[in-house]
Amino acid sequence: MLTCVCRPVTSSLPKPPAMAPQKRSPIVVTAEPRFATATIVKKSKSTKKVPGRPTAAELRAMALRQQQQIDSQHQLLAAKEQRLRFLKAQEARGAAAAAEGERLRRLRERVEAQESKLRRLRALRGQVDLQKTYNVTLS
Numbered sequence: 021m022l023t024c025v026c027r028p029v030t031s032s033l034p035k036p037p038a039m040a041p042q043k044r045s046p047i048v049v050t051a052e053p054r055f056a057t058a059t060i061v062k063k064s065k066s067t068k069k070v071p072g073r074p075t076a077a078e079l080r081a082m083a084l085r086q087q088q089q090i091d092s093q094h095q096l097l098a099a100k101e102q103r104l105r106f107l108k109a110q111e112a113r114g115a116a117a118a119a120e121g122e123r124l125r126r127l128r129e130r131v132e133a134q135e136s137k138l139r140r141l142r143a144l145r146g147q148v149d150l151q152k153t154y155n156v157t158l159s
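Under this note's numbering, the first residue of the sequence shown is numbered 21, with each subsequent residue one higher.
Structure below.
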């Protein structure tokens, strides 16, 4: 069985400007996660920055952004659910219209078949009447 031991790589190369830590402004925008309005709070000088850990203000700002993302995703989901309900209702109306059209088509076929039978019966009755008149004239 092989095991791999990973060691951190240290380098004396300077960090690129995008990776280098940037100075922060003393004003931090904070807000409660559920509110859309932000309040401006001055950063106190007594706050100690622990390397690699975000400050409380940064965490609040992050929570605000995440709450806003959740709210926007919730609105998007609600809009998609409404669209889905509309499409399902439209599909149901279309299916009902198709069923009604099919029912009307069968009724028309039945009416045409009955009219065809009626024409044949009338033609036969005409032939019977004609035969009767021939028989009367022959007698």
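Where is the CB? At the ideal position from N, CA and C, for every residue including glycine.
Keep in mind that this is a model prediction, so the values were computed, not measured.
Assigned with DSSP and collapsed to three states, R73 falls in coil, not helix or strand.
For V131 and F106, the gap between their C-alpha atoms comes out near 37 Å. Counting C-beta atoms within 10 angstroms of its own C-beta, L84 has 16 or more neighbours from the protein chains shown and is therefore classed as buried. Across the structure, A77 and L104 are spaced so that their CA atoms are roughly 40 Å apart. A distance below 8 Å between beta-carbons, with the five flanking residues on each side excluded, links M82 to the following residues of its chain, in chain order: P74.
For the pair R139 and G146, the Cα-to-Cα distance works out to about 10 Å. Residue burial annotation: R80 is buried, with at least 16 other C-beta atoms found within 10 angstroms of its C-beta. Taken atom to atom, the span from the alpha-carbon of A115 to that of K108 is near 10 Å.
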